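Undergrad:
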Amino acid sequence: MRTESFSERDLASRCAVNDRDAQGELYARYAARLYALCFRYVGDREEAQDLMHDSMIKAMGSFRLFSYNGEGSLYAWLRRLTVNIVIDRLRSMSKLRMVPLDTTMEWDVQDSAGDEDVESIPASVLLEMVASLPSVKRAVFNMYCIDGFSHKEIAAAMNISEKGSASILAKSRAQLRETVKDYLKRNGR
Numbered sequence: 093m094r095t096e097s098f099s100e101r102d103l104a105s106r107c108a109v110n111d112r113d114a115q116g117e118l119y120a121r122y123a124a125r126l127y128a129l130c131f132r133y134v135g136d137r138e139e140a141q142d143l144m145h146d147s148m149i150k151a152m153g154s155f156r157l158f159s160y161n162g163e164g165s166l167y168a169w170l171r172r173l174t175v176n177i178v179i180d181r182l183r184s185m186s187k188l189r190m191v192p193l194d195t196t197m198e199w200d201v202q203d204s205a206g207d208e209d210v211e212s213i214p215a216s217v218l219l220e221m222v223a224s225l226p227s228v229k230r231a232v233f234n235m236y237c238i239d240g241f242s243h244k245e246i247a248a249a250m251n252i253s254e255k256g257s258a259s260i261l262a263k264s265r266a267q268l269r270e271t272v273k274d275y276l277k278r279n280g281r
């Protein structure tokens with residue numbers, strides 16, 4: 093069992109020169125979080141595992157592109173790299189095909205579920221609800237609401253317009269709102 097622990101800056105610079113101990117620590121430190129990120133997008137454990145491994149391999153060969161900007165910047169870089177790999181994979185598998193957007197979407201969907209009701213839903217159930225979204229809606233929702241991408245970044249990654257990204261997000265939220273309402277109704281709330 094290794095007791096040595098590198099600082100984030102040290103870890104990145106050692107990985108840049110292919111230090112095996114540093115690469116092992118990088119994997120140990122971030123693999124689980126990157127796997128969870130991949131799983132949120134693809135909803136399949138084996139595919140998520142493959143994507144996480146692909147991300148780690150890509151990261152190991154790309155450290156020359158990494159610029160340390162303070163604590164947390166290494167994970168932020170790995171997360172961004174991983175999301176891009178996931179989006180590329182989904183696009184190549186035609187799971188992110190262009191969808192016609194109806195521009196007459198009603199933006200003021202009533203939300204009858206209170207915040208306290210939603211907070212009573214177990215996190216695992218909420219994650220299942222997100223995973224049940226169609227792939228395009230799930231990707232936009234994850235990128236915007238969970239991973240902090242802007243509509244401009246989502247549009248570029250998915251080859252859609254910023255307005256299209258915003259519209260898909262609104263539809264994702266509306267679908268999730270209905271799913272939450274149904275869950276609360278079924279569970280007597």
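Those letters in the sequence shown? Residues 93 to 281, per my numbering, in order.
The beta carbon of each residue, even a glycine, is placed where N, CA and C say it ideally should be.
Just so it is clear, the structure is predicted and the values come from calculations on it, not from any experiment.
If I measure Cβ to Cβ from A249 and keep anything under 8 Å in the same chain, skipping five residues before and after, which residues do I get?
TA: In the sequence shown, the residue the question calls residue 249 occupies position 157. Annotation for A249: V175, N176, I179, M235 and F241 place their beta carbon closer than 8 Å to its own, counting only its chain and skipping 5 residues before and after.
Undergrad: Going by C-alpha distance, which of R171, L218, P226 and Q115 is nearest K263?
TA: Position 171 of the sequence shown holds residue 263. Residue P226 holds the alpha-carbon nearest to the alpha-carbon of K263 among R171, L218, P226 and Q115.
Undergrad: For L170, I'd like the list of residues in its chain whose CB is within less than 8 Å of its CB, leaving aside the five on either flank, ordered along the chain.
TA: Position 78 of the sequence shown, counted from the first residue, corresponds to residue 170. Correct list, in chain order: Y122, L126, S147 and A151.
Undergrad: Nearest by alpha-carbon distance to L182: which of D142, N279 and L218 is it?
TA: Here residue 182 refers to the residue found at position 90 when the sequence shown is read from its first residue. When only C-alpha atoms are compared, the closest one is D142.
Undergrad: Against chain B, does I179 count as a neighbour if the rule is that its beta carbon must be under 8 Å from one of theirs?
TA: No chain B appears in the structure shown, which is made up of a single protein chain.
Undergrad: From which residue to which residue does the alpha helix (DSSP H) around F131 run?
TA: Residue numbering aside, residue 131 sits at position 39 when the sequence shown is read from its first letter. Counting along the chain, the alpha helix (DSSP H) containing F131 begins and ends at R112 to V134.
Undergrad: With distances taken Cα to Cα, identify the nearest neighbour of L118 among H145, G135 and F131.
TA: On the sequence shown, position 26 is the one that residue 118 refers to. The shortest C-alpha separation from L118 is found at H145.
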